[in-house]
Ligand code: FPP
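Residue numbers (this note's numbering): 32 to 296.
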């Protein structure tokens with residue numbers, strides 16, 4: 032967390048909030064459903080793509096803040112299998128934004144020690160997008176800081192189907208461990224904290240297997256308005272919860288029940 036304190040103004044709201052976080056109990060893996068770009072734009076009488084453009088800043092800031100805080104894994108849901116149903120121009124803008132951001136931000140990602148990877152049916156993406164993703168992954172492969180995963184052309188059910196098919200071909204028994212080991216996220220810890228913007232309380236086919244015991248935090252803010260301060264709020268809220276994994280938890284903390292889903296406005 033030291034890097035975060037060095038990067039923010041002493042006495043700022045970010046610094047004060049970060050001081051309340053217990054560095055020993057940071058979520059290891061934070062996953063985010065970035066939602067509300069379209070509504071953000073509509074409310075400003077702008078085309079939907081303006082919302083996607085405005086969504087790049089919080090992507091950059093969230094990656095940077097996560098790396099500085101010392102979070103191990105960050106997974107961002109950027110494009111679902113269902114997103115192909117959107118108008119062609121919107122889909123093309125999303126690929127353009129992704130490629131542009133990758134090229135622009137790569138030096139900063141490297142400076143921050145970020146290692147990037149992607150999950151989803153990547154071989155169905157436009158070839159030039161695949162090329163840029165390959166370059167970014169290769170360029171950051173030796174980094175050992177934040178492991179950034181971008182979910183692209185991703186669907187949670189499709190991921191489970193792909194894993195089960197791979198297992199069937201391998202003739203290994205269908206067990207929870209073997210399914211986990213054949214998911215796109217093999218080797219990663221499951222998300223401890225799942226954040227969703229735009230106030231919608233649903234998981235939208237994201238990491239269905241992996242979020243079995245994740246704590247969910249929802250904010251009313253649209254994704255373009257999401258700031259590192261919101262990430263800090265989510266982490267603080269996460270640290271107040273008691274994770275029981277179906278058991279009974281610690282006897283002395285059992286009297287403070289916490290809602291399964293917290294919505295913050
Ligand atoms: C959801 O908002 C957002 C997306 C489908 C795309 C996310 C893309 C970005 C944040 C831009 C760039 C991404 C990267 C990784 C550089 P929505 O369009 O579904 O909003 P709505 O629910 O209000 O319509």
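All C-beta atoms in this analysis are idealised placements derived from N, C-alpha and C, irrespective of residue type, glycine included.
- So the alpha helix (DSSP H) residue 121 belongs to, where does it begin and stop? It spans 119-142 - the alpha helix (DSSP H) in which residue 121 sits, taken as one unbroken run.
- Query: Exposed or buried, residue 194, counting other C-beta atoms within 10 Å across all chains shown (16 or more means buried)?
  - Reply: Classification for residue 194: buried.
- Are at least three pairs of beta-carbons, each pair with one atom in the stretch 94-111 and one in the stretch 49-64, less than 8 Å apart? Contact holds: three or more Cβ-Cβ distances are below 8 Å.
- Stretch pair the stretch 116-124 + the stretch 196-203: three plus CB contacts closer than 8 Å: Contact fails between the stretch 116-124 and the stretch 196-203, because fewer than three Cβ pairs, one in each stretch, are under 8 Å apart.
- Query: Who pairs with residue 107 in a beta bridge, going by DSSP?
  - Reply: According to DSSP, which records beta bridges pairwise, residue 107 is partnered with 63 and 181.
- Any non-hydrogen atom of the ligand FPP closer than 8 Å to residue 132 Cβ: Distances taken from the Cβ of residue 132 to the heavy atoms of the ligand FPP include one shorter than 8 Å.
- Item | Own chain residues within Cβ distance below 8 Å of residue 242, not counting five before or after | Excluding its 5 nearest sequence neighbours in each direction, residue 242 has C-beta neighbours in its own chain below 8 Å: 62, 221, 222, 225 and 234, listed in chain order.
- To the nearest angstrom, how far is it from the Cα of residue 103 to the Cα of residue 55? So the alpha carbons of these two residues sit roughly 13 Å apart.
- Message: Taking the beta carbon of residue 185 as the centre, do at least 16 other beta carbons fall within 10 Å, making it buried, or is it exposed?
- Response: Taking every protein chain shown into account, the CB of residue 185 has 16 or more other CB atoms within 10 angstroms, so this residue is buried.
- Item | Cα-Cα separation, residue 219 to residue 251 | Their backbone Cα atoms lie some 29 Å apart in a straight line.
- Task: Compare the Cα-Cα distances from residue 49 to each of 273, 267, 278 and 280 and report the closest residue.
- Result: Among 273, 267, 278 and 280, the Cα nearest to that of residue 49 belongs to 267.
- Task: Look at the alpha carbon of residue 44 and the alpha carbon of residue 263, and state the distance between them as a whole number of angstroms.
- Result: About 10 Å.
- Item | Bounding residues of the alpha helix (DSSP H) (the contiguous stretch that carries residue 94) | Unbroken alpha helix (DSSP H) run through residue 94: 87-100.
- Quick one, which of 53, 79, 148 and 188 has its alpha-carbon nearest residue 272's? The candidate whose alpha carbon is nearest that of residue 272 is 53.
- Message: Quick check: is any heavy atom of the ligand FPP less than 8 Å from the C-beta of residue 32?
- Response: No; taking the cut-off as 8 Å, the Cβ of residue 32 has no heavy atom of the ligand FPP nearer than that.
- Alpha carbon to alpha carbon, what distance is there between residue 42 and residue 249? Rounded to whole angstroms, the separation of the alpha carbons of residue 42 and residue 249 is 27 Å.
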